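Novice:
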Amino acid sequence: MGRVELIEYLFKLSEGKLFLINQLWTLTQQQSETIGSGEMDSLNDIIEQKQSIMDRVDVLDKEFAEKYDVIKAEFPINDVGALDSESREKMRILKEKVKEIHNLTEKIQQMDDSNTERFQKNMESIRNELKKVKFGQKISKGYSANKQNEGFSIFIDKMK
Numbered sequence: 002m003g004r005v006e007l008i009e010y011l012f013k014l015s016e017g018k019l020f021l022i023n024q025l026w027t028l029t030q031q032q033s034e035t036i037g038s039g040e041m042d043s044l045n046d047i048i049e050q051k052q053s054i055m056d057r058v059d060v061l062d063k064e065f066a067e068k069y070d071v072i073k074a075e076f077p078i079n080d081v082g083a084l085d086s087e088s089r090e091k092m093r094i095l096k097e098k099v100k101e102i103h104n105l106t107e108k109i110q111q112m113d114d115s116n117t118e119r120f121q122k123n124m125e126s127i128r129n130e131l132k133k134v135k136f137g138q139k140i141s142k143g144y145s146a147n148k149q150n151e152g153f154s155i156f157i158d159k160m161k
């Protein structure tokens, strides 16, 4: 494979990755909405879908790194200006695609961080509510136990 073909292959890998990253962005937005509504089943489904996409992105990243190493090894260039005009243009387009992927990945990371924080706050409020319910159950059991043991009340009057 020549330099131009390798660069085109890297570009195609980047387009595939960008497609997957866009799907991650959509799922991350859905995740944010789901956290707000408290639908835990949907949240688990979204997390599983995101993990599946991330696994596919990892495969593309590995392939990209391998091909990029081939370009660096077979066509050592210290200056992009030393490339022919076709290769230089393809590298410029590839860099733009990689930058687009990087920017979208940062947006996803920021939203994921926000989602994680909101989820933890929701879980903390749920824990507090559960503590209140358990405390109420203990109190209720305490009163119920006393009433069951008392039986019927009988008053005996003594005459003096």
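Read in order, the letters of the sequence shown correspond to residues 2 to 161 in our numbering.
By construction, the Cβ of each residue, glycine as well, lies at the ideal position given by its N, Cα and C atoms.
What you are looking at is a predicted structure, and each value in this text was computed from that prediction instead of being measured.
1) Do you know whose CA, among S38, T117, E64, L28, lies nearest E49's CA?
2) Can you find the residues in the same chain that come closer than 8 Å, C-beta to C-beta, to D62, ignoring five residues on each side of it along the sequence?
3) Locate the alpha helix (DSSP H) running through E64, then write down its first and last residues.
4) Closest by CA to V58, which one among L25, G143, D113?
5) Would you kindly check if the distance between the Cβ of F65 and the Cβ of L11 is under 9 Å?
6) Would you grab the beta carbon distance between I8 and K91 for me? Rounded to a whole angstrom, and I think it's under 8 Å.
7) So is I141 buried or exposed if we call it buried at 16+ other beta carbons inside 10 Å?
8) Could you tell me if L21 is buried or exposed, where buried requires 16 or more neighbouring beta carbons within 10 angstroms of its beta carbon?
9) Taking all protein chains shown into account, decide if N116 is buried (16 or more other Cβ within 10 angstroms of its Cβ) or exposed.
10) Would you kindly work out how many angstroms separate the C-alpha atoms of E130 and R119, rounded to a whole number?
11) Between the alpha carbons of E125 and I109, how many angstroms are there, rounded?
12) If you follow the alpha helix (DSSP H) that G37 is in, where does it begin and where does it stop?
13) Of the choices A74, V60, I47, whose alpha-carbon is the least far from that of G3?
14) Excluding the 5 residues preceding and the 5 following I54 in the sequence, name in chain order all residues of the same chain whose CB lies nearer than 6 Å to its CB.
Specialist: Reading off the structure:
1) L28
2) Contacts found: K18.
3) Membership of E64 in the alpha helix (DSSP H) is indicated by the continuous run 41-75.
4) L25
5) yes
6) 4 Å
7) The identity of residue 141 in the sequence shown is Ser, whereas the question assumes Ile. Classification for S141: exposed.
8) buried
9) N116 is buried by the Cβ-count criterion.
10) 17 Å
11) 24 Å
12) 4-38
13) A74
14) L21, Q24, L25
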